[in-house]
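Chemist: Position one of the sequence shown corresponds to residue 1 (my numbering), numbered consecutively onward.
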Amino acid sequence: MISRDHLIDFFIIKIKEVLPLEKMAVFVYSNASGKRKLLHKRGDAEDFIALSSISRENGSILARKKAVQTEENMDFSEENLLVEEGLDLIIPLSFQTSDLAGFITFGKKMSGERFSRDDLELLCTMVGELTLNLERIKLQEEVIYERAEKEKLDELNRLKTEFISNVSHELRTPMSSIRGLTEVLQEGKIKDKVKQDELLGLMASESGRLSRFLHNIFDFGKIESQVKTYHFQRQELKPIIEEVVELFRPRLEKEGFLLKVNLPQSSIFLKMDRDAIKQALTNLLDNAIKYSSDNREIDIELIETKENVQIRVRDKGIGIAPEEQEKIFDKFYRHPEASKLEPEGVGLGLKITKHIMDAHQGEVGVESQPKKGSTFSLIFPK
Ligand code: ADP
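Written out as structure tokens, the structure is:
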């Protein structure tokens, strides 16, 4: 598709070929929702501010009396402005079907002669062509924009449907395993204390999973309706990390993970919402576990640089392709491979984590390579 700038430049060259002029310029602006915004200023561009009051709807040509050989269809009311700007003519651009507006300014003819009726007719015909083509481009742009919007909407609808099916799965699985375990224990057939404790531990872990999941869904609702609030207090970071790690330790051991935690000796204090940061770290650890394949190793470290403080969670799992790395923060987004490999999850964890870090004026960093693993970081500015 030819750009508007190219079209206008081509138009200026053509006019100057057939009618050599000292100068000429084209101004196109958009009048969307009553606000005038300059879109294009091409040619020997005059000062738009001085001319911006020009807007003629009736299609007449603003001219300097002495510059034209005819008075037909001429408007001489802006004579002073034209003299001030060193111009002979201004032709307003009148668009029929869009919110575009504009005008073209013309200096003297190189020959020093006045503009004849033929000259003016030629200019008006060419200006008519230009406006038609500018409108056509605008229309094409709108069609492209609408198509892109529709595709986005279709994708969001698809993701929502998938989300609902994921939510029911996510609720059903722990619920039925809790019910199953309760029944087994109630029957009283299991007498072995160690075995009993193991089943109780499983129940606790399933309830934990359920409550983390509901917490995320609940928060997502608050984020979407813009009522999620944070309560900031100066806090020491290390105990928060230790607390989350301890919550995960039984699960990590059970699932055969090697966990390394590397925290500095010194204490680091930051202003933060303690629960929110626990939730953000929980989401990252949850993902590190879910998206690890055979290489079950997770490293957690807390580092302090000159600019920031980072909590880094590294896994050696399936990794994320570079082109996916931006999408993973979108709501409901799940990589197709992720949902195949790991049915758990609804695609909200990272969206919520990002919201939490935005509220802390921080960010969520991601470094990842497919099949090698990922490092997600909660980065707090100092
Ligand atoms: P969920 O885990 O419920 O799908 P998230 O918002 O937490 O939702 O993550 C979105 C997507 O990002 C996941 O579906 C997965 O494709 C990708 N992802 C997140 N964390 C990791 C990780 N540690 N390793 C590989 N992929 C990840």
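Note that the Cβ used here is the ideal one computed from N, Cα and C, for glycine as well.
Below 6 Å, is the gap between the Cβ of Arg312 and the nearest heavy atom of the ligand ADP?
Modeler: For this step, residue 312 is matched to residue 312 along the sequence shown. The answer is no for Arg312.
Chemist: Check whether the Cβ atoms of Ser368 and Ile320 sit closer than 7 Å, and answer yes or no.
Modeler: Against the sequence shown, residue 368 aligns to sequence position 368. Against the sequence shown, residue 320 aligns to sequence position 320. Cβ distance < 7 Å, so Ser368 and Ile320 count as in contact.
Chemist: Work out the CA separation of Gln140 and Asp99 for me, nearest whole Å.
Modeler: The residue labelled residue 99 in the question sits at position 99 within the sequence shown. The residue labelled residue 140 in the question sits at position 140 within the sequence shown. Between Asp99 and Gln140, the C-alpha separation is close to 14 Å.
Chemist: How would you label Ser165, buried or exposed, when you count the other beta carbons within 10 angstroms and need 16 or more for buried?
Modeler: Your numbering for residue 165 matches position 165 in the sequence shown. Ser165 should be labelled exposed.
Chemist: Does the ligand ADP have even one heavy atom less than 6 Å from the beta-carbon of Asn31?
Modeler: Counting from 1 along the sequence shown, the entry for residue 31 is found at position 31. Result no, Cβ not under 6 Å from the ligand ADP.
Chemist: Compute the beta-carbon to beta-carbon distance between Leu210 and Pro174, rounded to the nearest angstrom, for a pair I have assumed lies under 8 Å.
Modeler: Position 210 of the sequence shown, counted from the first residue, corresponds to residue 210. Position 174 of the sequence shown, counted from the first residue, corresponds to residue 174. The C-beta distance from Leu210 to Pro174 rounds to 4 Å, short enough to fall under 8 Å.
Chemist: Measuring only from the beta carbon, is Ile409 closer than 6 Å to any heavy atom that is part of the ligand ADP?
Modeler: This structure gives no information on residue 409, because the portion of the chain shown stretches from 1 to 382.
Chemist: Out of Gly221, Tyr29, Val83, Lys195, state which residue places its alpha-carbon closest to the alpha-carbon of Gly349.
Modeler: Residue mapping note: residue 349 aligns to position 349 of the sequence shown, counting from 1. Ranking the options by Cα distance to Gly349, first place goes to Gly221.
Chemist: Tell me the DSSP bridge mates of Ile91?
Modeler: The residue labelled residue 91 in the question sits at position 91 within the sequence shown. Answer by DSSP bridge pairing, in chain order: Ile104.
Chemist: Which residues does DSSP list as the beta-bridge partners of Asp75?
Modeler: As a first step, residue 75 is located in the sequence shown; it is residue number 75 there, counting from the start. According to DSSP, which records beta bridges pairwise, Asp75 is partnered with Leu62.
Chemist: DSSP puts Val364 in a beta bridge; with which residues?
Modeler: Within the sequence shown, numbered from 1, the residue matching residue 364 stands at position 364. Val364 pairs with Leu378.
Chemist: What's the gap between the Cα of His355 and the Cα of Leu378?
Modeler: Position 355 of the sequence shown, counted from the start, is the residue given in the question as residue 355. Position 378 of the sequence shown, counted from the start, is the residue given in the question as residue 378. Computed Cα separation, rounded: 11 Å.
Chemist: Quick check: the segment 294-305 against the segment 259-267, are at least 3 beta-carbon pairs closer than 8 Å?
Modeler: yes
Chemist: I want to know whether the segment 5-22 touches the segment 66-85 - three or more CB-CB distances under 8 Å.
Modeler: no
Chemist: Would you give the residue range spanned by the beta strand (DSSP E) that Tyr29 belongs to?
Modeler: For the purposes of this step, residue 29 is identified with residue 29 of the sequence shown, where counting begins at 1. 24-30 is the span of the beta strand (DSSP E), which, as asked, contains Tyr29.
Chemist: Assuming Glu78 and Leu62 are in contact, meaning their beta carbons sit under 8 Å apart, how far apart are those beta carbons, in whole angstroms?
Modeler: Your numbering for residue 78 matches position 78 in the sequence shown. Your numbering for residue 62 matches position 62 in the sequence shown. The pair is a contact, with the Cβ atoms about 5 Å apart (cut-off 8 Å).
Chemist: Quick check: does the Cβ of Met345 come within less than 6 Å of any heavy atom belonging to the ligand ADP?
Modeler: Your numbering for residue 345 matches position 345 in the sequence shown. In the sequence under discussion, the amino acid at residue 345 is Gly, which differs from the Met named in the question. True, at least one ligand heavy atom lies under 6 Å from that Cβ.
Chemist: From Ser147 to Pro381, what distance separates their C-alpha atoms?
Modeler: Start at 1 with the first residue of the sequence shown, and residue 147 comes out as number 147. Start at 1 with the first residue of the sequence shown, and residue 381 comes out as number 381. For the record, residue 147 in the displayed sequence is Arg; it is not Ser. Cα-Cα distance, rounded: 40 Å.
Chemist: Count the other CB atoms, across all protein chains shown, that sit within 10 Å of the CB of Arg42; report buried if there are 16 or more and exposed otherwise.
Modeler: What you label residue 42 is simply residue 42 of the sequence shown in a count that begins at 1. Classified as buried, Arg42 has 16 or more neighbouring CB atoms from the shown chains inside 10 Å of its CB.
Chemist: Return the residue from the list Lys189, Phe27, Gln325, Gly365 that minimises the CA-CA distance to Thr384.
Modeler: What is shown of the chain runs 1 to 382, which leaves residue 384 out entirely.
Chemist: What is the DSSP secondary structure of Arg274, counted as helix, strand or coil?
Modeler: Along the sequence shown, one-based indexing puts residue 274 at 274. For Arg274, the three-state secondary structure derived from DSSP is helix.
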